[in-house]
Every structure is written in structure tokens, then in C-alpha cells.
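K.L.:
Input: one structure, supplied below.
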Amino acid sequence: MAWELTPWRPFEFDRLRKEMDRLWDSFFEGRPGRRIKEEGEWLPSLDVAETKGDLIVKAELPGMDPKDIEISLTEGILTIKGEKKQEKEEKEEGYHLIERSYGSFARSIRLPKDVQSDKINASFKNGVLKVTLPKSEEAKKKEIKIKVE
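If you count by the numbering used here, then the sequence shown holds residues 12 to 160, one letter each, in order.
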């Protein structure tokens, strides 16, 4: 049996690690609490809450201008999209660390209830977008009381 020496290529390990990360992320994709972030991709965090009369969606959009945010509702799917633009510095300074994310994003969620699309309200305060979606009258009446014996 002949032994062969193969040169060590650290970049192959790096490629393998990235592929494993990609596979791991794809396994969790779409599950609550897991956000997949690729280079150049930014996904804001969302909260979806329900009151007696409304569905409330909040999105963290720090540093954004409300003019750069677009909200739409199509067939029960709420979509929030926009672009967070990078601040331009006049000074030429060398950065040691950049962790803030920039770029385009789009988040779509299927709403759990029917809403009155003509009464949707959106507000933006302190970097948080709040979308209030009043439930339709039918959605409000779908409460079922179950007798426990």
C-alpha cells in the first residue's frame, strides 16, 4: 500500500465550514426566532401581537427614514420592505469594526386573521414601525366557547 502526501489547503476547510453553515441555516429557515443573514442581506426583527380588535405588527428599523419603507397587503400576506441606506462620512477614517447592517430587505408574513384593509394604520417612532390591522367583524366573532366537564 502506497501512502501519498497531500498538501494542506486551509481554504478548503473554510469552504467546507461555510457550506456546513449554509446547510445548518437552511434547516432552520422559516422557523420562529431564527434569522438567516447573508452578507449584504438585512432582515429586521418583527413582533406580531393580537388584541381583541386588532393585529399589531412591529418592526425594528433603526436609522431608517419612513420614506424608504413600503407596506403592502395582498391576499392575507403583509409585506414590509425598504432600504436602509449607509451614512456617508465626509472624513476619511479607517474603520476597525462594522456591525451595523445596510441594504434592501423584505419581510412577508401571513396574517392569522382577516383584517379590514381600508382601516390599516402605520406609524414610525424611535426606529420602530407599528402597523395596526383592525380585524374584520367575522374574525372578531370566531371565538368558540368550550365547556370543560
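C-beta atoms are modelled at their ideal positions from N, C-alpha and C, and glycine is treated no differently.
Measure from the alpha carbon of P123 to the alpha carbon of each residue in R33, I88 and E71, then state which is nearest.
P.N.:
For the residues R33, I88 and E71, the minimum Cα distance to P123 belongs to I88.
K.L.:
Going by C-alpha distance, which of E104, R121, F116 and S83 is nearest D129?
P.N.:
Nearest of E104, R121, F116 and S83 to D129, Cα basis: S83.
K.L.:
Under 7 Å: does the beta carbon of S128 sit that close to some heavy atom of the ligand ADP?
P.N.:
Only the bare structure without any ligand can be found here, which leaves the ligand ADP out of the picture.
K.L.:
Ignore the nearest five residues each way along the sequence and tell me which others in K158's own chain have a CB closer than 8 Å to its CB.
P.N.:
Once the five neighbours on either side are set aside, K158 has no close Cβ partner at all.
K.L.:
Cα-Cα, which of S134, D125, F116 and R26 is closest to L66?
P.N.:
It is D125.
K.L.:
When the Cα of T62 is compared with those of E149, K156 and P145, which residue comes out closest?
P.N.:
Of E149, K156 and P145, the residue nearest in Cα terms is P145.
K.L.:
Pick out the complete alpha helix (DSSP H) segments inside the segment 71 to 158, 4 residues or longer, and give them in chain order.
P.N.:
Complete alpha helix (DSSP H) runs here, min 4: 148 to 151.
K.L.:
The beta strand (DSSP E) spanning L57 covers which residue range?
P.N.:
L57 -> beta strand (DSSP E) spans L57 to E61.
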